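Protein chains in written order, with our numbering: chain A, 26 to 215; chain Z, 26 to 215; chain U, 26 to 215; chain G, 26 to 215.
Heads up, the beta-carbon is just placed ideally off N, CA and C, and yes, glycines get one too.
Fair warning: this is a prediction, and the values are worked out from it, not measured in the lab.
Remarks on the structure that follows.
4 protein chains.
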Amino acid sequence: MARPKSEEKRTQLLHAAAEAIAQRGVGAPTAMISAMAGVAEGTLFRYFPTKEVLFNEMYLHIFRQLCDATGAVLDPSQPLLQRAEMSWNSYIDWGLAHPAWIKAVNQLGMTDILTEETRDIERTLFPDVGLMEACEKSELFEGLNIAFGDAMFIAIADATLRFAAQEPARADEYKLSGFKAFARIFLTSA
Amino acid sequence: MARPKSEEKRTQLLHAAAEAIAQRGVGAPTAMISAMAGVAEGTLFRYFPTKEVLFNEMYLHIFRQLCDATGAVLDPSQPLLQRAEMSWNSYIDWGLAHPAWIKAVNQLGMTDILTEETRDIERTLFPDVGLMEACEKSELFEGLNIAFGDAMFIAIADATLRFAAQEPARADEYKLSGFKAFARIFLTSA
Amino acid sequence: MARPKSEEKRTQLLHAAAEAIAQRGVGAPTAMISAMAGVAEGTLFRYFPTKEVLFNEMYLHIFRQLCDATGAVLDPSQPLLQRAEMSWNSYIDWGLAHPAWIKAVNQLGMTDILTEETRDIERTLFPDVGLMEACEKSELFEGLNIAFGDAMFIAIADATLRFAAQEPARADEYKLSGFKAFARIFLTSA
Amino acid sequence: MARPKSEEKRTQLLHAAAEAIAQRGVGAPTAMISAMAGVAEGTLFRYFPTKEVLFNEMYLHIFRQLCDATGAVLDPSQPLLQRAEMSWNSYIDWGLAHPAWIKAVNQLGMTDILTEETRDIERTLFPDVGLMEACEKSELFEGLNIAFGDAMFIAIADATLRFAAQEPARADEYKLSGFKAFARIFLTSA
DNA sequence: CATGAATGAGTATTCATTCAT
DNA sequence: TATGAATGAATACTCATTCAT
């Protein structure tokens, strides 16, 4: 269908929305978003029918980028440990490089603004680092939801990110320690 | 004095605020909060000068309760593993018993509404499960911020909580698996 | 009738009201006034049934003081010119000594808060400097409202006061020049 | 551009503000003002960011009109006496024709709502009737602020206006007597 | 009589959305 | 299609007044 004219403006709006949420929370006015995107107030609504739709699409847009960064480095021929570490490092690096986006996504994620549909798509998106399989095999997570592994990955990574962002000088140490901690969960032979 | 300001109303407002945030996010109207607390709109502002102050105090109030629950079970004579498990279980149990409060605290925690002062007090509050000491001794976290351990505890517990809350029938399994995973980080002999 | 207990509190409230209006205009909250008077919020309403009544009584109270100061110096045995000058000087001196009260009275005077009754009493209060008689006799004001003279006195004095207050160092010069100007109106032989 | 902001609406808001202040004082609600202007409540704030700004701009707008009326009749070739009388008459006529505006301006003028900037501009605006020069030359006002003359003009005119407005049938008599009184100050040969 | 907690109507301002240009 | 002026419902906070203590 007639996707509105400028794909560029769409992207600008998406990014502006993320930036605005990072700065002012989900209460950030649409007028602020359109201003940051360099378009008129009304234009925003030609690309997204409501603020909520904009936020949902923004969430997936950013999450997709995060997943791209995290998944791009996956080499199926490598063993789980290596793959996991590559992904971990990419995740942390991406997070450090895009603090506003991380903040926006985390903030939005706590909210009921995200629709069930968005949550469904989100689950689809996270790259298969091998944790689901590891989850299934692990006597620790036997029988539990296979997304539990990914959730741990993200939970620990986000905590790590917070400390790394606060002490940039030692970001690498946090990155490494965080991963080692994470690895112990999945890669320790009982 | 004419009538002392009612400690009960204060508490009702605090709890109403938590409930309201859980239901409608930080944009929840003060009118909704006062209604839920069973007081007049203006009364809220005799107890808390602004919405932000209310939210900050609410955050600490709830966090304090959470810490009380988590820390009450600590028995210094027990070894770290046991202490950690007791606290872990209390945390998860408390979280399952108060889903709205957990949601409110998490939501508020992502926000810039919390002042630096609130954050400072928060750090003071979390009970000493022994993770800071473990952090310092661990070769994993050597030299890093000693709050990293507590952060991991909370990050993993919150992730666990989310899954447990979603599948209440297996809450105990999640609780146990979550703890085992956490324990591997701190209690694995390298 | 049972005038409420403390005449002192009544006066404090009156003065506090004047001060509050000077500082914040007629929108000054009753709570501010009671605080400035050193009494509880509710106490104000035991002395004055409404804010408007308080303001009306305050207006007359202050105006009465002003008139006392202006009229006290009148010596009926002196000729008009001297009497007028004495009064003029007292008015200006009193105004310079009580800037907040002048401000409050002027501010309130422009407002519809003052009742017709208050206005009536006010007219009664201004001391008879002799201007009414001078008015009647003057071919200038023949047949016009005899209060016109007092109004001129006050109008010119207030303007003088504004300049004198702004340049306190030359207050005396303004006082003298203002009076001379005023005198030309009434005391010039056509 | 979508639609230019309407200069007409701006003016309507300005006039509505004056009318509202005349009727209800500076506490007049913005909702009342927008209603009187025939626009939506929110529209007011697209033209003036705050009520205070609106009031300041209104003050200057009205004062400018008053000055235009008063100054338009000035003919530099005429002697001071004639010029002053022309201006005086215009002032009184304008005031009688726009009682609400006069009331609004006087009310606002007593208030701290007017900024220092507004006061500065105001001083700039009053037409040069020749009183400043007369002030300088007069032995009466020698060395004093040259604005003293204008202040007297306005003070006496406003007092005159009040009486004239109250007895419209004799407005002309007040107008003439007021001017004669004023003239004695400046135009009496010592 | 004095107090100050409680009230709820009232107010300035914001903001998502619409629509005339 | 893009714009931004216009809208009015929604919201945080204030304040005169009441009344239980």
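Residue i versus residue j - alpha carbon distance
i: Gln132(G); j: Gly50(U); result: 11 Å
i: Ala159(A); j: Pro193(Z); result: 24 Å
i: Asp153(G); j: Phe211(U); result: 27 Å
i: Gln48(U); j: Ile117(U); result: 21 Å
i: Glu82(Z); j: Thr75(Z); result: 11 Å
i: Ala41(Z); j: Ser59(U); result: 33 Å
i: Lys222(G); j: Leu201(G); result: Nothing can be reported for residue 222(G): it is not among the residues displayed for chain G, which extend from 26 to 215.
i: Pro29(G); j: Arg35(G); result: 12 Å
i: Ala215(Z); j: Thr185(A); result: Low confidence applies to Ala215(Z): its pLDDT is 43, below 50, so where it sits in the model is not reliable, and the reading given next is rough at best. Roughly 20 Å separates the two Cα atoms.
i: Met57(G); j: Glu32(U); result: 41 Å
i: Met26(A); j: Ala27(G); result: Bear in mind that the predicted position of Met26(A) carries a pLDDT of just 45, short of 50, making it too unreliable to give a figure here.
i: Met157(A); j: Trp113(Z); result: 24 Å
i: Ile171(G); j: Glu164(G); result: 12 Å
i: Ala190(U); j: Thr55(U); result: 28 Å
i: His123(Z); j: Met61(Z); result: 17 Å
i: Gly63(G); j: Glu167(G); result: 51 Å
i: Ser102(Z); j: Asp197(Z); result: 26 Å
i: Ser115(U); j: Thr140(Z); result: 56 Å
i: Ile127(Z); j: Arg71(Z); result: 26 Å
i: Gly134(U); j: Arg148(G); result: 24 Å
Cβ distance (whole Å) where residue i is taken to contact residue j below 8 Å
i: Leu150(U); j: Phe73(U); result: No, Leu150(U) and Phe73(U) are not in contact; Cβ-Cβ is about 20 Å, not under 8 Å.
i: Leu99(G); j: Arg108(G); result: 6 Å
i: Glu77(A); j: Ile138(A); result: 6 Å
i: Ala125(G); j: Ala43(G); result: 6 Å
i: Leu85(U); j: Thr136(U); result: Wrong, their Cβ atoms sit about 14 Å apart, outside the cutoff.
Beta-carbon spacing of residue i, residue j below 8 Å
i: Phe173(Z); j: Phe188(A); result: yes
i: Leu105(G); j: Gly155(G); result: yes
i: Leu79(G); j: Leu38(G); result: yes
i: Ala45(U); j: Ala53(U); result: yes
i: Asp183(G); j: Ala129(U); result: no
i: Arg195(U); j: Arg209(G); result: no
i: Ala97(Z); j: Trp119(Z); result: no
i: Tyr199(U); j: Leu69(G); result: no
i: Phe204(U); j: Glu110(U); result: yes
When you check each C-beta in the stretch 51 to 62 of chain A against every C-beta of chain Z, which residues fall closer than 8 Å? Contact annotation: in the stretch 51 to 62 of chain A, residues whose CB is within less than 8 Å of a CB in chain Z are Val51 and Gly52.
Interfacial residues, the stretch 88 to 115 of chain Z to chain A, with Cβ spacing under 8 Å: Contact annotation: in the stretch 88 to 115 of chain Z, no residue has its CB less than 8 Å from a CB in chain A.
For the stretch 132 to 145 of chain A, enumerate the residues whose C-beta is nearer than 7 Å to any C-beta of chain Z, in chain order. Gln132, Met135, Thr136 and Asp137
Give, in chain order, every residue of the stretch 199 to 210 of chain G whose Cβ lies closer than 7 Å to some Cβ of chain U. So the close ones are Tyr199, Ser202, Lys205, Ala206, Arg209 and Ile210.
According to a CB-to-CB cut-off of less than 8 Å, which residues of the stretch 156 to 170 of chain A neighbour chain Z? Leu165, Phe166, Gly168, Leu169 and Asn170
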